[in-house]
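Colleague: Residue numbers for the sequence shown follow this note's numbering, so the first one is 1 and each next one is one higher. Ideal Cβ positions, reconstructed from N, Cα and C, are used throughout, including at glycine.
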Amino acid sequence: MKIQSIDTIILESPYEYGVKAAEQESTGPKYSCLVRIRTDEGIEGVGDVDSHPHVIKAMIDAPTATPGLIDGLRNVLIGMNPLETDLIWNKLYEAGYYYGRRGGHLQAISGIDIALWDIKGKVLNQSVSVLLGGRFHEKMKAYASTLFRDTPDNMKAAVNKYRTLGFKAIKFGWGSFTQNPRYGISLVEAARKEAGDEIDIMVDGYITNNDIVFATEIVNRLAEFGVYWMEEPLPSDNLIGFRKLSENAKVRIATGEQLGGTFEYADLIEKGNPDIVQFDISRCGGLTEAKKIVEMARMHSKLICPHAWTSDILTAASLHLNSNTPDAIFQEFCTNDTPTSRDIALNPIELTPDGYINVPTLPGLGISLNEEIIERYKVV
C-alpha cells in the first residue's frame with residue numbers, strides 16, 4: 001500500500017471570531033484547515049491543523065528546491081507506505097531543514113501525521129488509542145472551552161448555561177480578562193459564585209509579557225476563587241518568566257500550545273517548569289511527536305492536557321491520546337458555534353449527561369466527514 005494523494009482543504013466560516021453575549025457562543029476561527037490523505041487501496045485518513053491554513057497549504061504544495069533538504073511535504077509523502085509513521089515523520093522533518101523545522105512546517109507535519117494514524121487504524125481495524133498502546137480511559141471529563149463574557153452578570157449566565165448542558169468544568173479565555181486582568185478578577189469571582197464548588201473553573205489569557213510581579217499578583221488573587229489552572233499567562237517562549245511565576249503562584253500554571261517538537265518542550269519543562277504541559281497535537285508534530293512529549297512530561301512529574309480548539313477531528317485525536325495517558329486530567333471541548341467546527345463530522349463528538357466524552361471506538365480516529373459541509377464552506 002502506498003500514499004497516492006494529499007489534499008489541503010481550506011474552509012471559510014461565515015462568521016468572524018468573537019463572542020457577543022452571554023447566551024451566545026464564540027464564533028470563529030475565520031478559516032480552518034483539513035488534511036486528507038488517500039492510498040492506492042482506497043483508504044483515506046484525515047487530519048486537522050490549528051494554524052493559518054493558507055500557510056500550511058503552501059508548505060505542503062511547495063515544489064522541490066533541493067531534494068531531501070528543501071522540499072514541499074507532498075513530494076516527500078507520495079509513494080510512501082502510510083503505516084511507516086516514524087519513517088515518514090523523520091523524512092518530512094528533514095525536508096524543512098533550511099526553511100524552518102518548527103512553526104508552520106511542524107504544524108503541517110502534524111496534520112499529515114494525524115491523517116496517517118487515521119489510515120493506520122482503518123487498515124488494522126483498531127482505534128488510534130489502541131494502536132498508541134492501549135486505552136487507560138474509556139471516557140474523559142470534558143471542560144467547556146469558551147471566551148470571557150464582558151460583565152459579571154453575563155459570566156453567571158454563561159456558567160448556568162454550561163452547567164445545564166452537563167459540563168462539570170469550564171475554561172474562560174482572553175477577551176475582557178486579557179484587556180484588563182484586574183477587572184477580569186471580578187469576572188472570575190462571578191463565575192465561581194454561580195458555579196459553586198461542583199464545577200472546575202480555569203482561566204486562559206495573557207496577563208503580561210515581562211512584569212512577573214504583576215502576573216503573580218493576578219494569579220494569586222485568582223487562587224481565592226479555586227481556579228484549577230491559569231493558562232498562557234505569558235508567551236510560551238518566556239521561559240525565565242514562567243519559572244519565576246510557577247515558583248510563586250498558588251494556582252497551577254499551564255502552557256505549551258504555541259510550541260512544537262520535543263526540543264521545545266524539553267526546554268519548556270526544564271527551564272520554564274509549568275505544572276501542566278498543554279501541547280496541541282495539530283501543532284506539536286502530530287500524534288507521533290505528542291506521544292514522546294507525554295512521556296517526557298510524565299518523567300518530570302508534569303500533568304498534561306492537550307489543547308484542542310478546532311473541529312471534532314482534533315478533539316478525537318486528543319481523546320485517543322488522553323485515553324492512552326494513565327494520569328490524563330481533562331479533555332478540552334470547544335463550544336465554538338461555527339459550522340466549520342461543529343458540523344464537520346457526520347458522527348459528532350457529544351457530551352454525556354454526566355459531563356464526560358466517550359473515547360471513539362471505531363477504527364482510526366473514529367470520525368466520518370460531512371462532505372456536504374466541506375463542499376459548502378471550502379474555498380481552496
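Any idea if Ala297 is buried or exposed, counting beta-carbon neighbours within 10 angstroms, 16 or more meaning buried?
Modeller: On the sequence shown, position 297 is the one that residue 297 refers to. Buried, by the Cβ-count rule.
Colleague: Any idea if Asn90 is buried or exposed, counting beta-carbon neighbours within 10 angstroms, 16 or more meaning buried?
Modeller: As a first step, residue 90 is located in the sequence shown; it is residue number 90 there, counting from the start. Result: exposed.
Colleague: Using DSSP's beta-bridge definition, name the partner residues of Asn358.
Modeller: The sequence position of residue 358 within the sequence shown is 358, counting from 1. BP columns for Asn358 point to Lys139.
Colleague: Only counting runs of 3 or more residues, tell me where the beta strand (DSSP E) segments fall wholly within the stretch 311-366, in order along the chain.
Modeller: As far as the stretch 311-366 is concerned, its whole beta strand (DSSP E) runs of at least 3 residues are 331-334, 356-358.
Colleague: Pick out the complete beta strand (DSSP E) segments inside the stretch 197-236, 3 residues or longer, and give them in chain order.
Modeller: Complete beta strand (DSSP E) runs here, min 3: 200-204, 227-231.
Colleague: Is DSSP giving Cys305 helix, strand or coil here?
Modeller: Your numbering for residue 305 matches position 305 in the sequence shown. Three-state DSSP puts Cys305 in coil, outside helix and strand.
Colleague: Compute the distance between the beta-carbons of Pro235 and Tyr265, then report whether it is under 9 Å.
Modeller: Within the sequence shown, the letter at position 235 stands for residue 235. Within the sequence shown, the letter at position 265 stands for residue 265. Contact flag unset, no.
Colleague: Hey, would you say Ala144 sits closer than 9 Å to Ala169, going by beta carbons?
Modeller: Working through the sequence shown from its first residue, we reach residue 144 at position 144. Working through the sequence shown from its first residue, we reach residue 169 at position 169. Contact: yes.
Colleague: Taking all protein chains shown into account, do 16 or more other C-beta atoms lie within 10 angstroms of the C-beta of Ile240, making it buried, or fewer, making it exposed?
Modeller: Within the sequence shown, residue 240 is the residue found at index 240, counting from 1. Counting Cβ neighbours within 10 Å, Ile240 comes out exposed, since fewer than 16 surround it.
Colleague: By DSSP, does Leu259 sit in helix, in strand, or in coil?
Modeller: If you number the sequence shown from 1, residue 259 lands on position 259. Leu259: coil per DSSP, three-state reduction.
Colleague: Write down the C-beta distance between Ala249 and Glu231 rounded to the nearest angstrom, noting that I regard them as a contact closer than 8 Å.
Modeller: The count along the sequence shown starts at 1 and reaches residue 249 at position 249. The count along the sequence shown starts at 1 and reaches residue 231 at position 231. Their Cβ separation, rounded to whole angstroms, is 12 Å, which puts Ala249 and Glu231 out of contact at 8 Å.
Colleague: Here's the rule: buried if 16 or more other CB atoms are within 10 angstroms of the residue's CB, otherwise exposed. What is Glu198?
Modeller: Here residue 198 is taken as the residue at index 198 of the sequence shown, counted from 1. When all chains shown are included, Glu198 counts as exposed.
Colleague: So, for Val55: in the same chain, excluding its five sequence neighbours on each side, which residues have a beta-carbon less than 6 Å away from its beta-carbon?
Modeller: Position 55 of the sequence shown, counted from the first residue, corresponds to residue 55. Closer than 6 Å at the Cβ level, and outside the excluded window around Val55, lie Gly104.
Colleague: Please report the distance separating the alpha-carbon of Arg243 from that of Val227.
Modeller: For the purposes of this step, residue 243 is taken as the residue at position 243 of the sequence shown. For the purposes of this step, residue 227 is taken as the residue at position 227 of the sequence shown. Approximately 19 Å, taken between the alpha carbons.
Colleague: Grouping DSSP H, G and I as helix and E and B as strand, with all else coil, what is Leu73?
Modeller: On the sequence shown, residue 73 is found 73 positions in, with the first residue counted as 1. Looking at Leu73 - three-state DSSP - the assignment turns out to be helix.
Colleague: Give me the residue from Val19, Ala58, Lys57, Lys120 with the minimum Cα distance to Ile88.
Modeller: In the sequence shown, residue 88 corresponds to position 88, counting from 1. For Ile88, the nearest C-alpha among the options comes from Lys120.
Colleague: According to the Cβ coordinates, are Val46 and Asp118 closer than 9 Å?
Modeller: Counting from 1 along the sequence shown, the entry for residue 46 is found at position 46. Counting from 1 along the sequence shown, the entry for residue 118 is found at position 118. The answer is yes: Cβ separation under 9 Å.
Colleague: Give, in chain order, every unbroken run of the beta strand (DSSP E) that is at least 3 residues long and sits entirely within the stretch 3-52.
Modeller: Correct list: 3-12, 31-39, 44-49.
Colleague: Could you name the residues of the same chain whose beta carbon sits closer than 7 Å to that of Ser51, not counting the 5 residues immediately before and after it, in chain order?
Modeller: On the sequence shown, residue 51 is found 51 positions in, with the first residue counted as 1. Answer for Ser51: Cys33, Gly104, Gln107, Arg283, listed in chain order.
Colleague: Short of 6 Å in beta carbon distance, which residues of its chain neighbour Asp275, apart from the five on each side in sequence? Order them along the chain.
Modeller: Translated into the one-based positions of the sequence shown, residue 275 becomes position 275. Excluding residues within five positions, the ones whose Cβ falls inside 6 Å are Arg252, Ile253.
Colleague: Note down the Cα distance separating Met391 from Gln126, rounded to an integer number of angstroms.
Modeller: As shown, the chain starts at 1 and ends at 380. That puts residue 391 outside it, with no answer to give.
Colleague: Run through DSSP, which three-state label would Ala62 get?
Modeller: Translated into positions along the sequence shown, residue 62 becomes position 62. Correct three-state label for Ala62: coil.
Colleague: Could you check what DSSP says for Ile114 in three-state terms: helix, strand or coil?
Modeller: Here residue 114 refers to the residue found at position 114 of the sequence shown. Helix at Ile114.
Colleague: State whether the stretch 128-142 contacts the stretch 323-333, with contact taken as three or more CB pairs (one from each stretch) at a distance under 8 Å.
Modeller: They touch, by the three-pair rule.
Colleague: Expressed to the nearest angstrom, what Euclidean distance is found between the alpha-carbon atoms of Val380 and Ile212?
Modeller: For this step, residue 380 is matched to residue 380 along the sequence shown. For this step, residue 212 is matched to residue 212 along the sequence shown. If you take the alpha carbons of Val380 and Ile212, they lie about 43 Å apart.
Colleague: Label Leu222 either buried or exposed according to how many other C-beta atoms from any shown protein chain fall within 10 Å of its C-beta, with 16 as the threshold for buried.
Modeller: The residue you call residue 222 lines up with position 222 of the sequence shown. Burial call: buried.
Colleague: Mind checking which residues open and close the beta strand (DSSP E) that includes Ile170?
Modeller: Counted from its first residue, the sequence shown places residue 170 at position 170. Residues 169-173.
Colleague: Would you identify the three-state DSSP class for Thr288, choosing helix, strand or coil?
Modeller: For the purposes of this step, residue 288 is taken as the residue at position 288 of the sequence shown. Looking at Thr288 - three-state DSSP - the assignment turns out to be helix.
Colleague: What does a CB cutoff of less than 7 Å around Thr288 pick up in its chain, not counting 5 residues either side in sequence?
Modeller: Start at 1 with the first residue of the sequence shown, and residue 288 comes out as number 288. Thr85, Asp86, Trp89, Asp113.
Colleague: Just the C-alpha distance for Ile201 and Lys171, rounded to the nearest angstrom, thanks.
Modeller: Residue mapping note: residue 201 aligns to position 201 of the sequence shown, counting from 1. Residue mapping note: residue 171 aligns to position 171 of the sequence shown, counting from 1. Between Ile201 and Lys171, the C-alpha separation is close to 6 Å.
Colleague: Alpha carbons only, please: which of Thr216, Lys193, Ile357 is nearest the one belonging to Phe225?
Modeller: Walking along the sequence shown from the start, residue 225 turns up at place 225. Ranking the options by Cα distance to Phe225, first place goes to Lys193.
Colleague: Can you tell me the Cα-Cα spacing of Lys156 and Glu189, whole angstroms?
Modeller: The residue you call residue 156 lines up with position 156 of the sequence shown. The residue you call residue 189 lines up with position 189 of the sequence shown. So the two alpha carbons sit approximately 10 Å from each other.
Colleague: Quick one: what's Arg252 bridged to in DSSP?
Modeller: The residue you call residue 252 lines up with position 252 of the sequence shown. Per DSSP, Trp229.
Colleague: Would DSSP call Ile276 helix, strand or coil?
Modeller: For the purposes of this step, residue 276 is identified with residue 276 of the sequence shown, where counting begins at 1. It is a strand residue.
Colleague: Please look up how many angstroms separate the CB atoms of Leu314 and Gln331, rounded, as I've assumed it's under 8 Å.
Modeller: Residue mapping note: residue 314 aligns to position 314 of the sequence shown, counting from 1. Residue mapping note: residue 331 aligns to position 331 of the sequence shown, counting from 1. That belief does not hold up - the Cβ atoms of Leu314 and Gln331 are roughly 11 Å apart, past 8 Å.
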